[in-house]
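By the count of my numbering, the sequence shown reaches residue 182 at its end, each step adding exactly one.
Inspection log for the structure reproduced underneath, given as C-alpha cells.
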Amino acid sequence: MDHLSSDTDTRTNPFLVDTALTPLTVTVEDDAVSEIRFGRHAARPPTTPFEHRIADELLEYCAGTRMTFTFRLAPTGTPFRRGVWEALRQIPYGETRTYGEIAVAVGKPGAARAVGAANHHNPIPVVIPCHRVVGSGGRLCGFGGGLDLKRRLLELEAAHSPLRLTQAR
Numbered sequence: 014m015d016h017l018s019s020d021t022d023t024r025t026n027p028f029l030v031d032t033a034l035t036p037l038t039v040t041v042e043d044d045a046v047s048e049i050r051f052g053r054h055a056a057r058p059p060t061t062p063f064e065h066r067i068a069d070e071l072l073e074y075c076a077g078t079r080m081t082f083t084f085r086l087a088p089t090g091t092p093f094r095r096g097v098w099e100a101l102r103q104i105p106y107g108e109t110r111t112y113g114e115i116a117v118a119v120g121k122p123g124a125a126r127a128v129g130a131a132n133h134h135n136p137i138p139v140v141i142p143c144h145r146v147v148g149s150g151g152r153l154c155g156f157g158g159g160l161d162l163k164r165r166l167l168e169l170e171a172a173h174s175p176l177r178l179t180q181a182r
C-alpha cells in the first residue's frame, strides 16, 4: 500500500528538467507523460527511475544525441486534436510539414487553421513535435515556446538529422 501511495504522490507532482535549450516541466500520470510545459513550473528534480529515464531522453534530445523518445505518452484532447498530434509524431526528425500538409494527413483538407489550433493545445511539445510544423513557404509561425525556441529546435534537428549526416560523409 505504501508503494502505491508513493507512486500517486509523484505521478501528479511535476518535475523539472533543465535542458540546454529551455527548462521543461514534466507531468507523469499512470506511467505516461501527460504534459510538458516550457519554463520552471516545478522545483523538484526527477526522483523515480521512470522520471530519470524521461529526463535523460529529453536532455539527450536537446543535446542533439537522441532523435526519438521511448516513453509512453498520454495527451488529453479531442479526437481531432489527438489525430493531429499523431500526425505530428510521423514527421521525421529534421523535417518540417506545413499546417496544410498536416490537415491533408488527418483527412481534413482545408483545415489548416484547425491544425494550428490543435498545435496550440499540444500538451506534450518537443516529444509531440509541433515545432516541425511551419507556415506555407516554410515561414516560422506559432509556437508556445516562442519563435526563437522553435528556430533553435529546428536548427538542432537540421544539424543532427540522419540525412544531413549521411550527406556529409
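Glycine included, every Cβ here is placed at the ideal spot set by N, Cα and C.
- When V41, A76, C154 and G77 are compared, the shortest CA-CA separation from P62 is found for V41.
- In this structure, the beta-carbon distance from L169 to P142 does not fall below 9 Å.
- In the three-state DSSP reduction, V146 falls in the strand class (E or B).
- With a 10 Å radius around the Cβ and a threshold of 16 neighbouring Cβ atoms, C154 comes out exposed.
- Of the other Cβ atoms in all chains shown, fewer than 16 fall within 10 Å of the Cβ of L160; this residue is therefore exposed.
- Following the DSSP letters along the chain, one finds D31 inside the beta strand (DSSP E) bounded by residues F28 to D31.
- In this structure, W98 lies near G90, with their beta-carbon atoms less than 9 Å apart.
- The Cβ atoms of L37 and R50 sit closer than 9 Å to each other.
- Within the same chain, and ignoring the five residues on either side of A131 in sequence, the residues whose Cβ sits closer than 6 Å to its Cβ are R94 and V97.
- The beta-carbon separation of V46 and L86, rounded to 5 Å, stays under the 8 Å limit for a contact.
- Taken through DSSP and simplified to helix, strand or coil, L101 comes out as helix.
- Only residues of its own chain outside the window of five on either side were considered, and among them F28 have a CB closer than 6 Å to the CB of R57, listed in chain order.
- DSSP lists T38 as the beta-bridge partner residues of R50.
- The shortest C-alpha to C-alpha distance from A68 to any of P88, D43, H133 and T35 is the one to T35.
- Apart from the 5 residues on each side of it in sequence, A116 sits with its Cβ closer than 8 Å to the Cβ of P122, G123, A124, A125, A127 and V128 in its chain, given in chain order.
- For V117, the enclosing alpha helix (DSSP H) has its first and last residue at Y112 to A118.
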